[in-house]
Every structure is written in structure tokens, then in C-alpha cells.
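Inspection log for the structure reproduced underneath, given as C-alpha cells.
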Amino acid sequence: MSTSISLETIQSGILEKGEAALKQIQQSNTLADLDQVRVSVLGKKGTLSEALKALGQVSAEDRPKLGALANEWKSKIESAIETKKNALEILEIEASLQKTKIDVTIPSRKKHAGSIHPVTSTIRKVSQVLGRIGFDVTVGPEIETDFLNFEAVNIPKDHPARDMQDTFFMGPGVVLRSQTSPVQMRAMRAEKWPIRILCPGAVYRNDSDATHSPMFHQIEGLWVDQKVSMSDLKGTLDFFAKEMFGSETKIRLRPSYFPFVEPGAEVDVSCAICGGRNHKCPVCKGTGWLEILGAGMVHPRLFELAGYNAGEISGFAFGMGVERIAMLMHDIPDLRLMFQGDQRFLKQF
Ligand code: PHE
Numbered sequence: 000m001s002t003s004i005s006l007e008t009i010q011s012g013i014l015e016k017g018e019a020a021l022k023q024i025q026q027s028n029t030l031a032d033l034d035q036v037r038v039s040v041l042g043k044k045g046t047l048s049e050a051l052k053a054l055g056q057v058s059a060e061d062r063p064k065l066g067a068l069a070n071e072w073k074s075k076i077e078s079a080i081e082t083k084k085n086a087l088e089i090l091e092i093e094a095s096l097q098k099t100k101i102d103v104t105i106p107s108r109k110k111h112a113g114s115i116h117p118v119t120s121t122i123r124k125v126s127q128v129l130g131r132i133g134f135d136v137t138v139g140p141e142i143e144t145d146f147l148n149f150e151a152v153n154i155p156k157d158h159p160a161r162d163m164q165d166t167f168f169m170g171p172g173v174v175l176r177s178q179t180s181p182v183q184m185r186a187m188r189a190e191k192w193p194i195r196i197l198c199p200g201a202v203y204r205n206d207s208d209a210t211h212s213p214m215f216h217q218i219e220g221l222w223v224d225q226k227v228s229m230s231d232l233k234g235t236l237d238f239f240a241k242e243m244f245g246s247e248t249k250i251r252l253r254p255s256y257f258p259f260v261e262p263g264a265e266v267d268v269s270c271a272i273c274g275g276r277n278h279k280c281p282v283c284k285g286t287g288w289l290e291i292l293g294a295g296m297v298h299p300r301l302f303e304l305a306g307y308n309a310g311e312i313s314g315f316a317f318g319m320g321v322e323r324i325a326m327l328m329h330d331i332p333d334l335r336l337m338f339q340g341d342q343r344f345l346k347q348f
């Protein structure tokens, strides 16, 4: 049988191509390069496959020899590719780790957690202290009728007491409540006595300086039952002052006027800063006393307007400015700090 190509030529062709492929494999620097080599050698039109096509042209007895040689090279090349592939993969992983390297020794960024606003914490503290002697928290709307904000708490139209509170009028008969006292009236109209409630919330007055804000917070207290007396009021406020400002704290009541109470009083606590001993004390101005709230015995007119029988019952009410209490507790010099949202101020609480 005559062959156009000799066995030796084909053998050396396979050898040559195989050696060249191994070299190319060695020289591949990336997985993509390596894959190109694989296709160019082992692919359908690859050099090794092309060489094998010549198989048909050799004699039948030479064919198995050539086949074995070709297979030997095929697996040699395949395993070289596999080895190189593993090596390149490790290199690529290392390179990408280098690129995305995390320096665990760099200090982490600080997380800024929020803190409880002093107004909120003061409302909570007051509610918790007075909650222990039976006061429940209740709330009312900030947009209030002129009737409940004023008339129902004994401040009729044209009453001079209206001048005490620079009110924002929203429309005919509607105001931004200027005090939390209307919540007393809402509670009494909604429920029969006995009543023992605290009403915290925002109130509004057209006034703005270092000690006044157009929006601030009050807490109103109300206790209505049979035989509630002025001494109950004093005892309650004394307990409250000692719990809030320390067990040494004393209170004093000065006669004052609020239309919804009779008699009415302004209540002072002894100055915890100087105890009244420093006549240059900036907090109490050397008087030894700080005014913290208004209070008094509920005016019988309110009971009538609430539909109660004024002869059966009595009660006391008190109202305090939350910001003022917070300022005293934390020694805050300017009320406006409370509403500026400045983290440097707020995070101190
Ligand atoms: N509502 C009064 C004020 O805003 C405070 C107060 C409440 C006084 C209850 C006495 C009794 O000034």
C-alpha cells in the first residue's frame, strides 16, 4: 500500500506540534490566553486534530501506533493545561485579593446613634415619677377650639387673662392651643370622677427669645375626687420636687392668679445649685428659689362646665413648662438650644 506521507513525517509533526503547545501553555499568563491555546491545539480545527486527520493516509498497521502517540500527546497537553489553569486561577485570586485588600487595622467609622431629646426624657421622667402615685398619661389635640382653650377653662372673651398668652389664631373659633389646660376639660367631659391625669404636649405662643419659644411643651396635672385638698396638692408637689431635683429639695407656694383655679399659686423649688447660700448664683439669681409651675384648686366653674356637681367634689391642677424643668435639671443656658437639632448639644443627654 502506498502512502503519500511517511509515518515518520506524521510522528515528528505530532511531536513538534505537541512540544510547541506545551511551550505556549507554559507561556500563557492569563486564563483567557490559556483557553486560546487549548482551542488552537485541541479544538476541532486545532493543530493536533489537523495532524490526526493525516491518520487516514497511513497504512493500517501504522495507524494504531500513530493513534496511541496522538492520544498520549493529547492527554499530556490536557494535563499541562489543567496544571497551568490551577496555577493561573490561584494567581488571579491572589491578584484580586490584593486589589480589594481590607486593612483590618484601620479604625472603623464611628456610628452616630441618636439620643433621647431632653424634652422627651423630661416628659418621661415626670410621667414616671407621678405615675408612681397614680397619675395616668393622657393627651389632647394641638389644634384646639377657642372654647376649650379659653372659655371652658374660665377665660371668657375679652377677659384680660387672654393677654397672658399670645395666641396663634388658626381661624374663627380655632387656635393652636396656648396651654395644656384644655386637656383637663376634655378629660372631665369624657369621664366621671375620680380623675388623676397628666397631660403632656406641645403648646404654642407668639413669643420668641432666650427663654421663650413659639412652640414649647407643658405637662398639666389634674386630680379630681371627693375631698381633694390644698394639702394634697402640696404633698404631691413636694414628692414630685424631691424625686425630680433631689431629696433635699424644698417647695414653696406663692399666691398667684390663674383663671381656672381658686386659690392659685406659683410654685418654687429651692435652688439645688447654691441652696440659697450664694447671692451671686446665676441660676436662682441669689434668691435661693426657682419658679417651676403654676397650680391651684380647680375653679368650681370648670366642674359646672364639665357637667360635674361642683358640690360633691374638689380637685387640684398644676401646669409646668417641660423645657424649663429640663433646663433646670441639666443646667441648659438657652431655651433655643432645644429646638436647633444640633448633635453637639443633643448628644450630651
Ligand atoms: N395653664 C397654665 C399656664 O399655661 C399653668 C397652670 C395649669 C396653672 C394648671 C395652674 C393650674 O400658665
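Start counting the sequence shown at 0; every next residue gets the next number (the working numbering).
Glycine is no exception: its CB is placed at the ideal position from the N, C-alpha and C atoms.
These numbers come from a predicted model, not from an experiment.
Does the ligand COA have a heavy atom nearer than 7 Å to the CB of residue i?
i	result
Ser313	Of the ligands one can find in the structure shown, namely the ligand PHE, none is the ligand COA.
Can you grab the Cα-Cα spacing for the pair residue i / residue j, in whole Å?
i	j	result
Glu81	Ile13	20 Å
Ile324	Phe215	12 Å
Ile101	Ala79	34 Å
Gly340	Thr121	17 Å
Val136	His116	19 Å
Met326	Ser212	13 Å
Met0	Ala59	Interpretation of Met0 is limited by its pLDDT of 45, a score under 50 that renders its predicted location unreliable; the figure taken from the coordinates is listed afterwards. Their Cα atoms are separated by approximately 9 Å.
Thr2	Gly45	For Thr2, the predicted model reports a pLDDT of 48, less than 50, meaning its position is unreliable; a value from the coordinates is still stated below. The alpha-carbon atoms of Thr2 and Gly45 are separated by roughly 24 Å.
Asp333	Gly220	26 Å
Ile218	Gly275	27 Å
Ile331	Ser207	17 Å
Ala189	Lys156	24 Å
Val128	Ser246	13 Å
Arg62	Ser27	33 Å
Ser39	Ala19	11 Å
Pro106	Ala209	41 Å
Asn70	Thr99	43 Å
Gly170	Val138	23 Å
Ala349	Arg123	Examination of residue 349 is not possible in this model, given that the chain is present from 0 through 348 alone.
Leu21	Ala50	16 Å
Met328	Phe244	7 Å
Trp222	Lys284	33 Å
Ile154	Arg108	56 Å
Ser11	Leu87	30 Å
Leu304	Arg343	48 Å
Lys43	Glu93	33 Å
Asp145	Phe168	9 Å
Ile250	Val103	58 Å
Thr286	Lys233	21 Å
Ala67	Gln35	25 Å
CB residue i to CB residue j, shorter than 8 Å?
i	j	result
Arg195	Thr166	no
Cys270	Leu289	yes
Ile9	Ala53	yes
Ala316	Gln183	yes
Val266	Thr248	no
Pro254	Met296	no
Alpha carbons only, please: which of the options is nearest the one belonging to residue i?
i	options	result
Ile24	Lys43, Lys84, Leu65	Lys84
Ala186	Leu147, Ala86, Pro171	Leu147
Gly310	Asp224, Lys44, Ala151, Phe344	Asp224
Ala201	Ser269, Asp231, Val118	Val118
Ala264	Pro281, Gly274, Thr210, Leu236	Leu236
Met319	Glu303, Thr179, Arg343	Thr179
Lys16	Leu47, Val38, Ser313, Glu91	Leu47
Glu322	Ser313, Arg335, Gly314	Arg335
Phe134	Gly314, Leu197, Tyr256	Leu197
Arg161	Asp34, Ser107, Tyr256	Tyr256
Ala31	Ile76, Glu91, Ser5	Glu91
Glu242	Ile132, Val174, Cys273	Ile132
Arg37	Glu93, Gln342, Gln164, Trp72	Trp72
Lys346	Leu232, Ala94, Val174, Lys110	Lys110
Lys191	Arg251, Met229, Gln342, Asn308	Asn308
Pro140	Val282, Met163, Pro159, Val173	Val173
To the nearest whole angstrom, what separates the beta carbons of residue i and residue j, a pair I think is in contact under 8 Å?
i	j	result
Ser114	Phe348	6 Å
His298	Phe239	Their Cβ separation, rounded to whole angstroms, is 22 Å, which puts His298 and Phe239 out of contact at 8 Å.
Pro199	Val152	In fact, because the Cβ distance is near 17 Å, the residues do not count as touching under 8 Å.
Glu143	Arg176	4 Å
Ser313	Val227	5 Å
Leu41	Ile76	6 Å
Ile272	Cys280	6 Å
Leu6	Val57	6 Å
### Message
In chain order, what are the residue ranges of uninterrupted alpha helix (DSSP H) at least 4 long that sit wholly in the stretch 294 to 318?
### Response
Here the runs fully enclosed are 299 to 305.
### Length at least 4, wholly inside the stretch 120 to 152: the alpha helix (DSSP H) runs in chain order
Segments of the alpha helix (DSSP H) lying fully in the stretch 120 to 152: 145 to 148.
#### Entry: Ranges of the alpha helix (DSSP H) found wholly within the stretch 229 to 282, counting only runs of at least 4
Given a length threshold of 4 residues, each whole run of the alpha helix (DSSP H) inside the stretch 229 to 282 is given here in chain order: 229 to 244.
### Unbroken stretches of the alpha helix (DSSP H), 4 residues or longer, contained in the stretch 158 to 189
Counting only runs of 4 or more, we get 180 to 189.
### Contiguous alpha helix (DSSP H) assignments of at least 4 residues, all confined to the stretch 19 to 90
With a minimum length of 4 residues, the continuous alpha helix (DSSP H) runs that stay inside the stretch 19 to 90 are 30 to 41, 46 to 52.
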